[in-house]
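Worksheet for the structure shown next.
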Amino acid sequence: QKEVEQDPGPLSVPEGAIVSLNCTYSNSAFQYFMWYRQYSRKGPELLMYTYSSGNKEDGRFTAQVDKSSKYISLFIRDSQPSDSATYLCAMSESGGGADGLTFGKGTHLIIQP
Amino acid sequence: GAGVSQTPSNKVTEKGKYVELRCDPISGHTALYWYRQSLGQGPEFLIYFQGTGAADDSGLPNDRFFAVRPEGSVSTLKIQRTERGDSAVYLCASSLGPAGELFFGEGSRLTVL
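Chains as they are written, first to last, in my numbering: chain S, 1133 to 1245; chain R, 105 to 217.
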């Protein structure tokens, strides 16, 4: 079993829908949780960064972390075709990249116009 | 440049050959990371440099892989005796320090025939 599990999709939803993406993990030492967006043939770019349990909101994006269940989520409201991309969750024990981020496989999201 | 620059963007080589991949980080970023992303997978950590020294090389898969950063800026990932299983996108990232946000380049796509 991999340390981080993420459904690869594809997940296809109509424009304007609320999108829910999630990851589960097994390493209870993870303290820092990130969501990256990766367009085709591009590098990942950081969307959301959360420390420990709780919620964080940034515009149309909300990240949730439930450490007791080892479960993290990313919600996208009012989804747009430009949100079509692969979304990667990532985690680390000490923050930043010093101990190496552990990524999920990524979920391929398609927003239909 | 404004972002992390990686060259070449594409490299096709034959099994057994030697390959070098170059990364030019964002100016002023002291931390530099190499990740490998196989098809349909998330990035996997390879090595982390703080300044000129490799602070963590625990992700390098075997002794055919080696990376250097002699002057604390540009880094080169070197792969000897390439194998077909080395085919992947090699991503470089940099950050202001070990706790900072990672900025990824677009990657070098390596294909070993």
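Idealized CB from N, CA, C, for every residue including glycine.
If you're wondering where the values come from, they're calculated on a predicted model, not measured in any experiment.
Excluding the 5 residues flanking residue i on each side, which residues of the same chain have their C-beta closer than 7 Å to its C-beta?
i	result
residue 202(R)	135 and 154
residue 123(R)	115, 117, 183, 186 and 214
residue 121(R)	186
residue 1203(S)	1154 and 1156
residue 1210(S)	1148 and 1192
residue 1196(S)	1187, 1204 and 1205
residue 112(R)	212
Taking Cβ-Cβ distances shorter than 7 Å, what residues in chain S pair up with residue i?
i	result
residue 145(R)	1237
residue 149(R)	1232 and 1233
residue 137(R)	1229
residue 163(R)	1232
residue 152(R)	1229, 1230 and 1232
residue 199(R)	1228 and 1229
Tell me whether residue i sits in a helix, a strand or coil according to DSSP, three-state version.
i	result
residue 201(R)	coil
residue 128(R)	strand
residue 173(R)	coil
residue 168(R)	coil
residue 1141(S)	coil
residue 189(R)	helix
residue 161(R)	coil
residue 1214(S)	helix
residue 137(R)	strand
Chain R partners of residue i, CB-CB under 9 Å?
i	result
residue 1177(S)	207 and 208
residue 1191(S)	None at all; the shortest Cβ gap to chain R is about 17 Å.
residue 1174(S)	208, 210 and 211
What does residue i pair with, by DSSP beta-bridge criteria?
i	result
residue 1183(S)	1164(S)
residue 1173(S)	Bridge partners of residue 1173(S): none, in fact.
residue 1222(S)	1166(S) and 1235(S)
residue 184(R)	In DSSP, residue 184(R) forms no bridge with anything.
residue 1208(S)	1151(S) and 1193(S)
By the criterion of Cβ-Cβ separation under 8 Å, what are the contact partners of residue i in chain S?
i	result
residue 160(R)	1230, 1231 and 1232
How would you list, in chain order, the residues of chain R whose beta-carbon sits under 7 Å from the beta-carbon of residue i?
i	result
residue 1140(S)	144
residue 1241(S)	The contacting residues do not exist; residue 1241(S) stays about 15 Å from chain R at best.
For my contact list, residue i and residue j are in at a C-beta cut-off of 8 Å; report their separation, rounded to the angstrom.
i	j	result
residue 1144(S)	residue 1163(S)	Going by Cβ atoms, the distance from residue 1144(S) to residue 1163(S) rounds to 33 Å, so no, they are not a contact pair.
residue 1171(S)	residue 1220(S)	12 Å between Cβ atoms; not a contact.
residue 1213(S)	residue 1176(S)	The Cβ separation is near 20 Å, so there is no contact.
residue 206(R)	residue 1191(S)	Rounded, the Cβ-Cβ distance is 21 Å, inconsistent with contact.
residue 1140(S)	residue 211(R)	Not a contact, Cβ separation roughly 19 Å.
residue 1217(S)	residue 1233(S)	Contact flag wrong, Cβ pair sits at about 18 Å.
Ignore the nearest five residues each way along the sequence and tell me which others in residue i's own chain have a CB closer than 6 Å to its CB.
i	result
residue 180(R)	124, 126 and 172
residue 137(R)	152 and 197
So which residues on chain R does residue i lean against when the C-beta distance must stay under 8 Å?
i	result
residue 1220(S)	146 and 147
Going along chain S, which residues have a C-beta under 9 Å from residue i?
i	result
residue 203(R)	1226, 1227, 1228, 1229 and 1230
residue 195(R)	1175 and 1176
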